[in-house]
Amino acid sequence: MKYRYISIIILVISVGGCHSERLKSESGKSEVNMRKNLRWIPVGNVKPLGWMRDQMQHDLKEGFVGYLDKIVPDLIIEDDVYGKDRLTSKVKNKNVGTERKDDDWEIQYLWWNSETQSNWWDGMIRYAFMLGDEKSKKRVRKYVDHILSTQDTDGYIGIYARDLRYKHITENGELWAQATLFRSLLGYYEATNDKKVLSAVKRAVSRTMQAYPLNNSEPFNIFKPYAGAGHGLMFTDVLYQLYLITNHSEYLDYALFLYKDYNSHSMEEEDIMLKNLLDPDYHFAGHGVHTYEHMRPLALAAYFSDEPKYKKALDGYIQKLTRVISPSGGPVGDEWIFGRVASADSIGYDYCNLQEMLDSYNLMLRLSGDAKWADAIEKLLFNAAQGARHPNESSIAMNKSDNSYEMAGGENAGNEQKERLEQSCFFKGNPRYKYSPSHQDVAVCCPPNASRIYPYYLKAMWMHSDAGLSLNLFGPSELNTRIKGGPVKIIQLTDYPFDLKVDLVIEKAPGDKFEIAIRKPRWAINMVVNSPAVVSEDEDYICLSKLWLPGDRIHISFETQPKFNTDHDGHKYLSYGPLVFALPLKGTATEIKKYSFPGFRDLIYRYADSQSKKTYQFINEPFSVKRNSPDHRHPWETAVFLTGKMYDQENKTVREVELRPMGGTILRKITFSMR
Numbered sequence: 164m165k166y167r168y169i170s171i172i173i174l175v176i177s178v179g180g181c182h183s184e185r186l187k188s189e190s191g192k193s194e195v196n197m198r199k200n201l202r203w204i205p206v207g208n209v210k211p212l213g214w215m216r217d218q219m220q221h222d223l224k225e226g227f228v229g230y231l232d233k234i235v236p237d238l239i240i241e242d243d244v245y246g247k248d249r250l251t252s253k254v255k256n257k258n259v260g261t262e263r264k265d266d267d268w269e270i271q272y273l274w275w276n277s278e279t280q281s282n283w284w285d286g287m288i289r290y291a292f293m294l295g296d297e298k299s300k301k302r303v304r305k306y307v308d309h310i311l312s313t314q315d316t317d318g319y320i321g322i323y324a325r326d327l328r329y330k331h332i333t334e335n336g337e338l339w340a341q342a343t344l345f346r347s348l349l350g351y352y353e354a355t356n357d358k359k360v361l362s363a364v365k366r367a368v369s370r371t372m373q374a375y376p377l378n379n380s381e382p383f384n385i386f387k388p389y390a391g392a393g394h395g396l397m398f399t400d401v402l403y404q405l406y407l408i409t410n411h412s413e414y415l416d417y418a419l420f421l422y423k424d425y426n427s428h429s430m431e432e433e434d435i436m437l438k439n440l441l442d443p444d445y446h447f448a449g450h451g452v453h454t455y456e457h458m459r460p461l462a463l464a465a466y467f468s469d470e471p472k473y474k475k476a477l478d479g480y481i482q483k484l485t486r487v488i489s490p491s492g493g494p495v496g497d498e499w500i501f502g503r504v505a506s507a508d509s510i511g512y513d514y515c516n517l518q519e520m521l522d523s524y525n526l527m528l529r530l531s532g533d534a535k536w537a538d539a540i541e542k543l544l545f546n547a548a549q550g551a552r553h554p555n556e557s558s559i560a561m562n563k564s565d566n567s568y569e570m571a572g573g574e575n576a577g578n579e580q581k582e583r584l585e586q587s588c589f590f591k592g593n594p595r596y597k598y599s600p601s602h603q604d605v606a607v608c609c610p611p612n613a614s615r616i617y618p619y620y621l622k623a624m625w626m627h628s629d630a631g632l633s634l635n636l637f638g639p640s641e642l643n644t645r646i647k648g649g650p651v652k653i654i655q656l657t658d659y660p661f662d663l664k665v666d667l668v669i670e671k672a673p674g675d676k677f678e679i680a681i682r683k684p685r686w687a688i689n690m691v692v693n694s695p696a697v698v699s700e701d702e703d704y705i706c707l708s709k710l711w712l713p714g715d716r717i718h719i720s721f722e723t724q725p726k727f728n729t730d731h732d733g734h735k736y737l738s739y740g741p742l743v744f745a746l747p748l749k750g751t752a753t754e755i756k757k758y759s760f761p762g763f764r765d766l767i768y769r770y771a772d773s774q775s776k777k778t779y780q781f782i783n784e785p786f787s788v789k790r791n792s793p794d795h796r797h798p799w800e801t802a803v804f805l806t807g808k809m810y811d812q813e814n815k816t817v818r819e820v821e822l823r824p825m826g827g828t829i830l831r832k833i834t835f836s837m838r
């Protein structure tokens with residue numbers, strides 16, 4: 164790959180490349196090499212602009228993000244599961260949203276509302292502060308005040324009354340309910356610097372660490388450890404965040420203890436077990452969302468432990484991950500993986516998988532400084548995640564596939580065996596394959612996670628480094644932070660990913676020299692940087708260093724061409740920059756549920772076109788890029804297209820076609836054979 168760099172002043176290449184060093188943790192343990200020592204920037208300091216702000220603003224003001232508590236008030240408002248409605252041994256069932264009746268098994272799901280509530284509030288908090296919406300800020304302050312009022316005198320915050328907490332012998336949501344809640348509270352703390360919130364979380368975490376003493380307890384030694392117990396390993400998210408805030412190594416030590424204990428017992432979700440990760444013949448088989456979120460506790464063990472087995476296990480995880488990533492970046496899991504290899508035609512992904520995978524990539528980017536994780540974040544968000552949103556209505560697909568011929572029960576499942584299809588939830592009549600703002604008939608888990616995914620993208624966009632700032636992800640945005648004690652404000656002017664030009668405008672600078680490292684996307688053929696700065700580079704970043712002044716600008720442009728790629732099935736698909744393109748297929752929509760609030764409904768889609776489009780083939784001719792001035796309200800359908808010729812096998816003729824970004828489609832086909 165060749166890059167070209169242009170500077171207004173003399174170009175200087177530093178022998179050592181961008182700033183890097185080898186670090187040690189607070190406890191003195193050597194970490195895996197961290198090239199830039201990247202550090203997240205607090206919530207609200209990176210704000211969306213342009214099309215991204217318009218989309219997020221709509222989600223908050225008119226869409227499922229701002230209205231989910233009104234659409235499902237019984238799950239979010241009426242069940243005060245962290246307060247007066249804590250679970251006791253007397254509670255045998257409750258409304259958790261699903262229409263399924265599992266009788267004796269219902270007790271397994273009694274923690275569900277804590278996940279629905281806390282993940283949704285996590286998104287709401289981040290939306291409120293990233294958009295600067297005062298009404299929403301007032302809502303989240305009221306919520307946070309209520310949660311803090313539920314804290315017991317011993318510090319406990321959670322969903323269980325005294326007769327159940329920390330006494331679990333079977334499936335439970337103890338650590339998971341705390342993990343989802345404390346993640347949201349720490350996000351609020353980042354945005355507000357409210358010390359009483361941090362104090363409350365620290366006390367609550369301390370109470371849990373006392374209940375399950377370090378290296379002297381077995382929190383995962385339980386009978387029938389199903390989804391809630393497996394999710395409980397994500398308490399490590401909270402521990403790592405507290406470590407970053409306090410610099411106290413006890414939180415890292417406890418995170419490693421939880422991962423070790425998880426490995427010591429028979430668990431339902433075993434993809435993260437060391438024995439499996441170190442086995443080259445083992446392939447991911449578990450519930451997708453667990454598999455992809457569990458990358459994070461493994462990564463912490465690999466980077467903060469002296470034991471080489473964890474690094475080897477992380478390497479094994481990454482190797483296995485390549486099998487399950489679809490052309491759009493979506494990881495297999497509809498709902499389970501079952502050892503399958505990603506297939507655009509016959510295997511889908513769950514929206515919860517998308518958010519948890521993106522968050523795991525985010526952590527890997529922070530820990531490693533390797534820009535491949537930033538490439539993975541962009542691919543997943545702009546293709547799989549955006550492509551699982553309805554382009555015109557406020558709803559998402561709980562399950563979606565790259566090639567989507569029906570959204571009425573998984574009828575695009577191809578030739579998979581019926582037994583496997585029923586297990587994987589990819590069968591005719593499966594309600595996950597529809598568009599809904601709530602998916603209450605199955606579980607209200609994916610819409611809350613859909614409210615988190617853009618804020619978590621913005622979380623990874625800019626990071627602090629030892630030398631200054633690292634721009635990892637592109638998109639219209641505003642950064643406000645401090646470097647060397649002085650304020651920094653940088654506007655990212657761009658219509659990316661629809662246009663591949665970016666202008667960085669320095670509006671405030673600290674009056675001291677610092678570095679801005681800019682990621683080199685791996686899809687770019689050339690990258691042109693025009694800047695009044697001393698420039699150096701390494702494998703992943705171009706680094707610009709100077710005493711920045713208000714009014715300084717950095718002009719970035721990426722050069723690339725539409726590219727044919729090959730998927731796991733040997734089929735071809737087209738990408739341009741970070742976007743994957745699809746042939747839209749005509750479908751007929753049927754409304755199957757209408758909500759009391761205007762603009763919200765559940766829809767299914769059935770294929771309404773002739774079969775000829777499914778029999779098209781690529782021919783070995785290049786596609787051209789067609790751009791329009793983007794409609795910021797609907798950029799995915801209007802901003803950029805690929806035009807070219809494909810062979811129509813049914814009519815035995817070559818036809819002109821126009822391909823659209825996946826994010827602007829409902830029914831579609833992205834993979835074709837090459838003629």
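Take the sequence shown: its letters are residues 164 to 838, numbered as in my numbering. A virtual CB, placed ideally from N, CA and C, is assigned to each residue, including glycine.
Beta-carbon proximity of residue i to residue j, cut-off 8 Å
i	j	result
E334	G395	no
G391	T313	no
H331	I385	yes
S720	Q780	no
V504	H731	yes
D715	P741	no
I239	L231	yes
D538	P639	no
A606	W214	no
Alpha-carbon to alpha-carbon, residue j and residue i
i	j	result
P236	E498	26 Å
K542	A324	43 Å
A374	D400	19 Å
C608	Y417	28 Å
L484	N525	15 Å
D243	A367	18 Å
E569	D285	32 Å
E413	E381	18 Å
L621	L273	33 Å
C706	H602	45 Å
E813	L441	48 Å
P725	D357	48 Å
F227	Y290	12 Å
P376	F501	35 Å
P656	L344	Reading off the sequence, residue 656 comes out as Leu, not Pro. If I take the Cα positions, the gap works out to 35 Å.
Three-state class that DSSP yields for residue i in the structure shown
i	result
D400	helix
W536	helix
L733	It should be pointed out that residue 733 corresponds to Gly in this sequence rather than to Leu. Three-state result, G733: coil.
A448	coil
F781	strand
S567	strand
A672	coil
K709	strand
H842	The chain is shown only over 164 to 838; residue 842 falls outside these bounds and no answer can be derived.
E641	strand
H394	helix
F744	strand
S312	helix
A650	According to the sequence provided, residue 650 is Pro. The question's Ala does not apply to it. P650 falls in the strand class under three-state DSSP.
Cut-off 7 Å between Cβ atoms - residues of its own chain near residue i, not counting five sequence neighbours on either side
i	result
W799	Q549, P554, P824, G826 and G827
M436	N426
I616	L517, Q518, L521, L544 and A548
G207	F292, M293 and A354
T801	N791, P793 and D794
Other residues of its chain near residue i: CB distance less than 8 Å, five sequence neighbours each side excluded
i	result
V817	I782, K808, M809, Y810 and D811
N575	Unreliable placement is indicated for N575, whose pLDDT of 45 sits below 50; the coordinate value is still reported in the next sentence. Excluding residues within five positions, the ones whose Cβ falls inside 8 Å are D508, S509, S564, N566, S567, Y568 and E569.
E225	S557 and G762
Residue i beta carbon near the ligand MG (any heavy atom closer than 7 Å)
i	result
F227	This structure does not include the ligand MG; it has no bound ligands of any sort.
Proximal residues to residue i (C-beta, below 6 Å), its chain only, five neighbours per side dropped
i	result
L464	Reading off the sequence, residue 464 comes out as Ala, not Leu. Answer for A464: L419, Y422 and Y473, listed in chain order.
Task: Length-filtered (4 minimum) alpha helix (DSSP H) runs lying within the stretch 784-837 - done: 798-801
TODO: Run through the stretch 329-382 for me and flag every whole alpha helix (DSSP H) of 4 or more residues, listed as ranges in chain order.
DONE: 337-355 and 358-374
Task: Every unbroken alpha helix (DSSP H) inside the stretch 453-532 [4 residues or more] - done: 458-467, 471-484 and 514-531
Open item on the list: Threshold first: 4 residues or longer. Then list the alpha helix (DSSP H) segments lying entirely within the stretch 220-293, N to C.
Closed with: 227-234 and 236-239
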